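Each remark here refers to the structure printed beneath this line.
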Amino acid sequence: MSKTVALTGNLACAHAMRQINPDVVAAYPITPQTTIVEEFSTFVANGQVDTEYVTVESEHSAMSACVGASAAGSRVITATSSQGLALMWEILYIASALRLPIVMHNVNRTLAGPINIHCDHQDSMGARDSGWIQIHCENAQEAYDTTIQAIRIAEDNRVRLPVLVCLDGFIISHAIDRLDMLDDPEVKKFVGEFEPAISMLDPEEPITVGPFDGLHGQFFEFRRAQELATLGSLPVIEEIGKEYGAVSGRPYGLIEEYKLDDAEIAIVVLGSTAGTTRVVVDSLRADGVKAGLLKIRSFRPFPIKQITDALSGVKAVAVLDRSLSPGAIGAPVFQEVRSALYDSESRVPIINFIYGLGGRDVSMGLIKEAYTVLSDIVKDGQVKQTINYLGLRE
Amino acid sequence: MSWDIKNLKKWKVGDHPAGALIPTGGNAVEYKTGGWRSEKPRWIEEKCTHCMICWVFCPDTSIEVKESKMLGIDYDHCKGCGICAEECPTDAIVMEEEEK
Ligand code: SF4
Ligand code: SF4
Numbered sequence: 001m002s003k004t005v006a007l008t009g010n011l012a013c014a015h016a017m018r019q020i021n022p023d024v025v026a027a028y029p030i031t032p033q034t035t036i037v038e039e040f041s042t043f044v045a046n047g048q049v050d051t052e053y054v055t056v057e058s059e060h061s062a063m064s065a066c067v068g069a070s071a072a073g074s075r076v077i078t079a080t081s082s083q084g085l086a087l088m089w090e091i092l093y094i095a096s097a098l099r100l101p102i103v104m105h106n107v108n109r110t111l112a113g114p115i116n117i118h119c120d121h122q123d124s125m126g127a128r129d130s131g132w133i134q135i136h137c138e139n140a141q142e143a144y145d146t147t148i149q150a151i152r153i154a155e156d157n158r159v160r161l162p163v164l165v166c167l168d169g170f171i172i173s174h175a176i177d178r179l180d181m182l183d184d185p186e187v188k189k190f191v192g193e194f195e196p197a198i199s200m201l202d203p204e205e206p207i208t209v210g211p212f213d214g215l216h217g218q219f220f221e222f223r224r225a226q227e228l229a230t231l232g233s234l235p236v237i238e239e240i241g242k243e244y245g246a247v248s249g250r251p252y253g254l255i256e257e258y259k260l261d262d263a264e265i266a267i268v269v270l271g272s273t274a275g276t277t278r279v280v281v282d283s284l285r286a287d288g289v290k291a292g293l294l295k296i297r298s299f300r301p302f303p304i305k306q307i308t309d310a311l312s313g314v315k316a317v318a319v320l321d322r323s324l325s326p327g328a329i330g331a332p333v334f335q336e337v338r339s340a341l342y343d344s345e346s347r348v349p350i351i352n353f354i355y356g357l358g359g360r361d362v363s364m365g366l367i368k369e370a371y372t373v374l375s376d377i378v379k380d381g382q383v384k385q386t387i388n389y390l391g392l393r394e
Numbered sequence: 395m396s397w398d399i400k401n402l403k404k405w406k407v408g409d410h411p412a413g414a415l416i417p418t419g420g421n422a423v424e425y426k427t428g429g430w431r432s433e434k435p436r437w438i439e440e441k442c443t444h445c446m447i448c449w450v451f452c453p454d455t456s457i458e459v460k461e462s463k464m465l466g467i468d469y470d471h472c473k474g475c476g477i478c479a480e481e482c483p484t485d486a487i488v489m490e491e492e493e494k
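Residue numbers (the working numbering), protein chains in the order written: chain A, 1 to 394; chain B, 395 to 494.
Encoded structure:
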């Protein structure tokens, strides 16, 4: 039995955390993530969860405490945003290298400067090589559902990696959305009892966590093993998404296709903009334009095959990136989608639209503009400009 | 659990337990780290009063002691920092250049 509620994305995440009832939460508040940990601390204070809530003096300490708690064999969740994620940087790599199944919300906010608290994906894009699984959510429902699945993905013995659950700052985190919640016992059953792969605190079987790699040089082999675990999580994410669908009626995959089957032009995007694009696709379809949408849910690992298969029939593709990599050939999502398509037979024309930095609004009109550029490419048979900016005053 | 790192240099991807975990505790002693030294402490037994000051100060537990008697220096782990020589009240430890 599920119930329909109206919650902000952050409160939806906090309720998912309440239902998961983790052993430890160590967190530091930062806009726009604050209300997740604020609401969760109320659950702790009210005795609605058994969680040990560790208040820390910074995000660096928050992630360090999470690493310690997880290595001790606890189920651990935390949350952050932007500068907070940046302050966690070195410990992010430790958490993944130690293969600790920590789950963290990243409420996407740009990185200063100038100081700006609004949404873009530059914070989580910076963490893309940290060895964390990175899943992007379209709305509050997905943020809630993904939190619950993330526990299972992270703790799966075939994976054992930390998972970053990304939701767009303010757009998802602070807007009230309609969503369906599972009952508490259903969530409890779905996530199950945590059986830690390691426990630092077992005096019967002492272990050493985080040793020095020294000059014997296992580092390269470790990093490759970490890569293999990340790639190995692809089928696990799919499997758990399906299993979650059987319980909730909302199945999840690595990507989501919308009207792509017969599409001639397609937009690829992460996060909440997929929702806006969906509406634009419907309106273009009503005008007879064969537009489609490919939403990438799992950015790390990057589902190369699913993406190339999904785009195999289209004639022109635009990747919308909510981040900018100065001096690179386009932004991160574009780079990877283009790289994936380079090896595909169709080698479809592909362009990049960088949009929405620092919370710049992305309207239906702007997305329509992007589709118009794609229609022109199909008509003229040539790409005029590969890297483009949507909604930029220049 | 047994833990044998004799062939560590030959281990391939996946040979080491995941997450760089070592399935035993207290194994730093097996890992010889004395090779970084540029200077080396030399213990002069005749001058030593076994006061244990060097043992207290050594940041690396490299002063070997048994039943309140100083036995010598563990060169497999001593880093040559010179703190023991600095602290010894009877100059029973002197620093000398490391020769390899
Ligand atoms: S400090 Fe000097 S006298 Fe004291 S135990 Fe060490 S070597 Fe001997
Ligand atoms: S030189 Fe430093 S490391 Fe070596 S025995 Fe003396 S105090 Fe310890």
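For glycine and all other residues, C-beta sits at the position ideal for the given N, C-alpha and C.
Nothing here was measured: the structure is a model prediction, and the numbers come from that model.
Can you name the start and end residues of the beta strand (DSSP E) that residue 105(A) belongs to?
Start and end: 103–108.
Evaluate contact between the segment 427–436 of chain B and the segment 236–249 of chain A, counting only Cβ atoms and requiring at least three cross-stretch pairs below 8 Å.
Touching, no, given that fewer than three Cβ pairs across the two stretches are closer than 8 Å.
Please determine, among 409(B), 415(B), 441(B) and 407(B), the residue with the shortest C-alpha to C-alpha distance to residue 464(B).
Looking at the Cα atoms, 441(B) is the closest of the given residues.
Mark residue 63(A) as exposed unless 16 or more other C-beta atoms lie within 10 angstroms of its C-beta, in which case mark it buried.
Burial call: buried.
In its own chain, which residues sit with a C-beta less than 7 Å from the C-beta of residue 201(A), not counting the 5 before and 5 after it?
Only 72 and 73 meet the Cβ criterion.
Taking the straight line between their C-alpha atoms, what separation do you get for residue 438(B) and residue 84(A)?
Taking the straight line joining both Cα atoms gives about 54 Å.
Pull every residue with its beta-carbon under 7 Å away from any heavy atom of ligand 2, and keep them in chain order.
Output, sorted by chain position: 435(B), 448(B), 451(B), 452(B), 453(B), 454(B), 456(B), 457(B), 467(B), 472(B), 473(B), 474(B), 475(B), 476(B), 477(B), 478(B), 479(B) and 487(B).
Using three-state DSSP, classify residue 273(A) as helix, strand or coil.
Residue 273(A) falls in the helix class under three-state DSSP.
Can you tell me which of 36(A), 69(A) and 12(A) puts its alpha carbon nearest to the alpha carbon of residue 23(A)?
For the residues 36(A), 69(A) and 12(A), the minimum Cα distance to residue 23(A) belongs to 69(A).
Buried or exposed, going by whether 16 or more other CB atoms sit within 10 Å of the CB of residue 303(A)?
Buried.
Looking only at DSSP bridge pairs, what is residue 4(A) linked to?
For residue 4(A), which the question treats as bridged, DSSP gives the partners 180(A).
Between the segment 116–134 of chain A and the segment 165–175 of chain A, are three or more C-beta pairs nearer than 8 Å?
Touching, yes.
Applying a beta-carbon distance threshold of less than 8 Å, which residues of chain A neighbour residue 418(B)?
Result: 206, 207 and 208.
Taking 7 Å as the cut-off, is the C-beta of residue 440(B) nearer than that to any heavy atom in ligand 1?
No; taking the cut-off as 7 Å, the Cβ of residue 440(B) has no heavy atom of ligand 1 nearer than that.
Under a three-way DSSP split, which group does residue 252(A) fall into?
Correct three-state label for residue 252(A): coil.
Skipping 5 residues on each side, what residues in its chain have a beta carbon closer than 8 Å to that of residue 391(A)?
So the list reads 355, 356, 360, 361, 362, 363 and 366, once near-sequence residues are dropped.
I'd like to confirm the pairing. Which residues does DSSP put opposite residue 141(A) in its beta bridges?
Note: residue 141(A) sits in no beta bridge, so no partner.
Which residues in chain A have a C-beta closer than 9 Å to the C-beta of residue 421(B)? List them in chain order.
Within chain A, the residues near residue 421(B) are 208 and 211.
Less than 7 Å separating the Cβ of residue 34(A) from some heavy atom of ligand 1?
No - ligand 1 has no heavy atom lying nearer than 7 Å to the Cβ of residue 34(A).
Could you confirm whether any beta carbon from chain B is found closer than 8 Å to the beta carbon of residue 127(A)?
Not closer than 8 Å to any Cβ of chain B, the Cβ of residue 127(A) fails to qualify, so no.
Starting from residue 321(A), trace the beta strand (DSSP E) in both directions and tell me its first and last residue.
Run containing residue 321(A): 316–321, per the beta strand (DSSP E) assignment.
Please indicate yes or no: does the CB of residue 481(B) lie closer than 7 Å to some heavy atom of ligand 4?
Among the ligands present in this structure, namely ligand 1 and ligand 2, ligand 4 is not found.
Rank 218(A), 254(A) and 370(A) by C-alpha distance to the C-alpha of residue 387(A) and give the top, closest one.
Answer by Cα proximity: 370(A).
Does the segment 197–211 of chain A come close enough to the segment 23–34 of chain A to have 3 or more Cβ pairs within less than 8 Å?
The answer is no - the segment 23–34 of chain A does not touch the segment 197–211 of chain A, with fewer than three Cβ pairs under 8 Å.
Check whether the Cβ of residue 466(B) lies closer than 8 Å to any Cβ atom in chain A.
No, no contact with chain A.
The beta strand (DSSP E) spanning residue 300(A) covers which residue range?
That run of the beta strand (DSSP E) goes 298–300.
What are the boundary residues of the alpha helix (DSSP H) that includes residue 18(A)?
9–20 is the extent of the alpha helix (DSSP H) around residue 18(A).
Assess, as a yes-or-no matter, whether the segment 264–276 of chain A is touched by the segment 306–326 of chain A under the definition of 3 or more beta carbon pairs within less than 8 Å.
These segments touch.
Can we count residue 445(B) as close to ligand 1, meaning its CB is less than 7 Å from some heavy atom?
Yes - ligand 1 has a heavy atom lying nearer than 7 Å to the Cβ of residue 445(B).
Smallest Cα separation from residue 181(A): which of 18(A), 377(A) and 379(A)?
Here the closest residue by C-alpha is 18(A).
Does ligand 1 have even one heavy atom less than 7 Å from the beta-carbon of residue 132(A)?
No; taking the cut-off as 7 Å, the Cβ of residue 132(A) has no heavy atom of ligand 1 nearer than that.
For residue 403(B) and residue 250(A), what's the separation of their Cα atoms in angstroms?
Using only the alpha carbons, I get a separation of about 48 Å.
Distance, Cα to Cα, residue 469(B) vs residue 457(B)?
One C-alpha to the other measures close to 9 Å.
Given a cut-off of 8 Å, decide if residue 139(A) and residue 184(A) are closer than it, judged by their beta-carbon atoms.
No, the pair does not count as a contact, with Cβ atoms beyond the cut-off.
Quick one: what does DSSP say residue 327(A) is sitting in, helix, strand or coil?
Residue 327(A) falls in the coil class under three-state DSSP.
Taking the beta strand (DSSP E) that residue 489(B) falls in, what are its first and last residues?
487–491 is the span of the beta strand (DSSP E), which, as asked, contains residue 489(B).
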